[in-house]
Amino acid sequence: TWARTGWVARLLTGTLIAAVTIGLRWSGILQPLELQALDTLMRWRPSEPPDFRVVVVAVTEADVQAQNAEQRRGSLSDETLDRLLQKLSAFQPRTIGLDIYRDFPSALPRLAQQLRQMDNAIAVCKVSDRASREPGISPSPEVAPDRVGFSDFVIDPDGKVRRHLLTLTPEPVSPCTTTSAFNLQLAA
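This note's numbering puts the first residue of the sequence shown at 1, with every later residue one more than the last.
Shown next, in the form of structure tokens:
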């Protein structure tokens, strides 16, 4: 009888501990501890060397201010973006990610034609969100819809960004109708 009673006690104890743990996780009480543990584990990872296959071209505030303000709409003027794409295309990159919101048509016909013909350029847009009253941002009209990715991400309760969406279903009224993330489009 002692062996049978011990077995039942262990089963009940295990079930009770599992139920309490599931209840605590479901209620969200453990989430701050889990996020803190994740942050600690990420800091303990060995540093990775930069990938020589990836080149990031950053546009600084000085770059924006150095352009002719009369010709500029957004962060880059059409002439500057056209020159940049021509320089990048000379290196025959597999993919060019344009992480620049351009929800207006190009005033420069040469740039508009280049954006329409570049099969390796991925543009970005932002999905609208009724809950936060964000209207969203349309993609560049010259870029084909299959070469657009959204830039939305998830902010954790503690205000940090740890996760990124890969796909989502945008609202029907959103100016950004793509279902794939910008980073997923670039990787694919």
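Don't be surprised by glycine CBs; every beta carbon is placed ideally from N, CA and C. Quantities reported herein were computed from a predicted structural model and do not represent experimental measurements.
Can you tell me the Cα-Cα spacing of residue 12 and residue 97, whole angstroms?
-> The residue you call residue 12 lines up with position 12 of the sequence shown. The residue you call residue 97 lines up with position 97 of the sequence shown. Spanning the two alpha carbons is a distance of roughly 56 Å.
Would you decide whether residue 91 is buried or exposed? Buried here means 16 or more other CB atoms lie within 10 Å of its CB.
-> Locating residue 91 in the sequence shown gives position 91, where the first residue counts as 1. That one is exposed.
For residue 110, the nearest candidate out of 99, 80, 124 (CA to CA) = For the purposes of this step, residue 110 is identified with residue 110 of the sequence shown, where counting begins at 1. Here the closest residue by C-alpha is 80.
If you drop the 5 nearest sequence neighbours on each side, which residues of the same chain put their C-beta closer than 8 Å to that of residue 61?
-> As a first step, residue 61 is located in the sequence shown; it is residue number 61 there, counting from the start. Cβ neighbours of residue 61 beyond the five flanking positions: none.
CB contact below 9 Å: residue 90 versus chain B = Judged by its chain identifiers, the structure shown contains no chain B, having just a single protein chain.
Can you name the start and end residues of the alpha helix (DSSP H) that residue 182 belongs to?
-> Residue mapping note: residue 182 aligns to position 182 of the sequence shown, counting from 1. Note, residue 182: alpha helix (DSSP H), 182–187.
Determine the direct distance from the alpha carbon of residue 154 to that of residue 161, and round the result to whole angstroms.
-> Here residue 161 corresponds to residue number 161 of the sequence shown, with the count starting at 1. Here residue 154 corresponds to residue number 154 of the sequence shown, with the count starting at 1. About 6 Å.
Hey, residue 115 and residue 140: beta-carbon distance below 9 Å or not?
-> To locate residue 115, count along the sequence shown from 1; it is residue 115. To locate residue 140, count along the sequence shown from 1; it is residue 140. In this structure, residue 140 lies closer than 9 Å to residue 115 by Cβ.
Start and end residues, alpha helix (DSSP H) containing residue 98 | Residue numbering aside, residue 98 sits at position 98 when the sequence shown is read from its first letter. Residue 98 -> not in any alpha helix (DSSP H); beta strand (DSSP E) instead, spanning 96–98.
What first and last residue would you give for the beta strand (DSSP E) that runs through residue 148?
-> For this step, residue 148 is matched to residue 148 along the sequence shown. 148–150 is the span of the beta strand (DSSP E), which, as asked, contains residue 148.
Buried or exposed: where does residue 87 fall if 16 or more other Cβ atoms within 10 Å of its Cβ makes it buried?
-> Here the question's residue 87 lines up with position 87 in the sequence shown. Exposed, by the Cβ-count rule.
Go through its chain and collect everything with a Cβ distance to residue 194's Cβ below 8 Å, but skip five positions before and after it.
-> Since the first residue of the chain shown is 1 and the last is 188, residue 194 is not available in this structure.
In chain order, which continuous runs of the beta strand (DSSP E) of length 3 or greater are located wholly inside the stretch 48–129?
-> 96–98, 121–125
Pair within 9 Å by beta-carbon distance, residue 170 and residue 128 = Position 170 of the sequence shown, counting from 1, holds the residue named residue 170. Position 128 of the sequence shown, counting from 1, holds the residue named residue 128. Taking 9 Å as the Cβ cut-off, residue 170 and residue 128 qualify as a contacting pair.
According to DSSP, what are the bridge partners of residue 137?
-> Sequence index remark: in the sequence shown, residue 137 carries index 137 (1-based). Paired residues: 126.
Within its chain, find whatever has a CB closer than 8 Å to the CB of residue 22; leave out the 5 residues flanking it on each side and keep chain order.
-> Against the sequence shown, residue 22 aligns to sequence position 22. Cβ within range, chain order: n/a, list empty.
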